[in-house]
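Everything on this sheet refers to the single structure shown next.
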Amino acid sequence: MSNTSQGSGSLSSVDNALRLLALLSDRRVLRVAEAADLLGVARSTAHRLLSSLRTHGFAVQDKANGAYRPGPVLIELGLAATGRIDIRQLAQPALEELRDRTRETVSVSILEGRDVRFVDCIEGTRSVRVGLRTGKVMRAHCTAAGKALLAALPLAELHRRYPDGELEGQTEASVTSWAALEAELAEIRADGLAYNREEGELGIGAVAAAVRDVTGVPVAALAVVVPSGRMGTSPGLGVATLDAVRTFEESLHTVC
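Each number in the numbering used here corresponds to the 1-based position in the sequence shown with 45 added.
As structure tokens, then:
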């Protein structure tokens, strides 16, 4: 085969992959047969392209032979392209609801690789409270918000982000064992809530839950951030967080 033919084939594959990304973003759910028809290619070709997108985090597939949905990488790129303005605006009513119910500092965060970024915060009204963290970046596995988002990822995507299973702590309380983190993430999946007890910063604790789009993909997390001494004396934090997540998701589902 000539170099020209090889180059043409590569460009065709890139073009089809980009078209698939656009289709995933627009349709939110895409099956192999549908992708093949829309691209005008064989099903084997569509399957190969979608599998490649899944490998790199641009698509997810909850079960073998199931439909494909936008993956975390595609969602992160979309949030970056919009400057995260929409997420902050959509989160505002939920953040205010959560702050008013708990009187604690609240935040909305997103995943960036193995890190979590606090994209907006509202300070609590208690005399002793945690300060604002807007713009701060921390290791995801050392925060409640980050663990909530990691738990919501498909296992294949979780392992793609941590291929070596190595975890670096931020305090002595941080989880640094992959087995321990996996066990904790399983608990978070079971009850929907993630906790941080001085794992990111000494003296600070938090409870958080993931926010999902209409297809179930995690796009953000809401958290209540408190002085660690109040973690055991405020049993209503989890319920208030889950209620605020539902408010956020209602707003999110109207635009996604």
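We put the CB at the ideal spot given by N, CA and C, even for glycine.
Extent of the continuous beta strand (DSSP E) run through residue i
i: F163; result: 160 to 167
i: T260; result: Looking at the DSSP string, T260 is not in any beta strand (DSSP E), and its letter there is neither H nor E.
i: L156; result: 150 to 157
i: N74; result: For the record, residue 74 in the displayed sequence is Val; it is not Asn. Here V74 belongs to no beta strand (DSSP E), and DSSP marks it neither H nor E.
i: Y240; result: 239 to 242
i: R178; result: From DSSP, R178 is part of no beta strand (DSSP E); its letter is neither H nor E.
Endpoints, the alpha helix (DSSP H) within which residue i is located
i: E202; result: 200 to 206
i: R234; result: 223 to 236
i: V284; result: 282 to 298
i: R88; result: 88 to 100
i: A193; result: 189 to 197
When the options are compared against residue i, the one with the closest alpha-carbon
i: T170; options: R144, A228, G283; result: R144
i: A193; options: S172, A235, E213; result: A235
i: G281; options: L198, V220, R148, V256; result: R148
i: G248; options: P263, V175, G191, A185; result: V175
i: S70; options: V164, T260, G274, R159; result: T260
i: V256; options: L195, V271, N61, S219; result: L195
i: V262; options: L95, S57, L198; result: L198
i: W223; options: G283, G210, E229; result: G210
Cβ-Cβ separation, residue j to residue i (assumed contact under 8 Å), whole Å
i: I167; j: V151; result: 5 Å
i: V161; j: G191; result: 4 Å
Beta-carbon contacts of residue i that lie in its chain and below 7 Å, excluding the five residues immediately before and after
i: R205; result: G102
i: A91; result: V77, A80, A81, L84
Same chain, Cβ closer than 6 Å to residue i, neighbours up to 5 away in sequence not counted
i: I240; result: It is Tyr, not Ile, that sits at residue 240 in the sequence shown. Result list for Y240: A189, V252, in chain order.
i: G245; result: M183, C187, T188, Q215
Contact set for residue i: own chain, Cβ-Cβ below 8 Å, skip 5 residues either direction
i: E202; result: G102, V105, G116, P117
Given 8 Å, three or more beta-carbon pairs between the region 292 to 301 and the region 139 to 156 = These segments touch.
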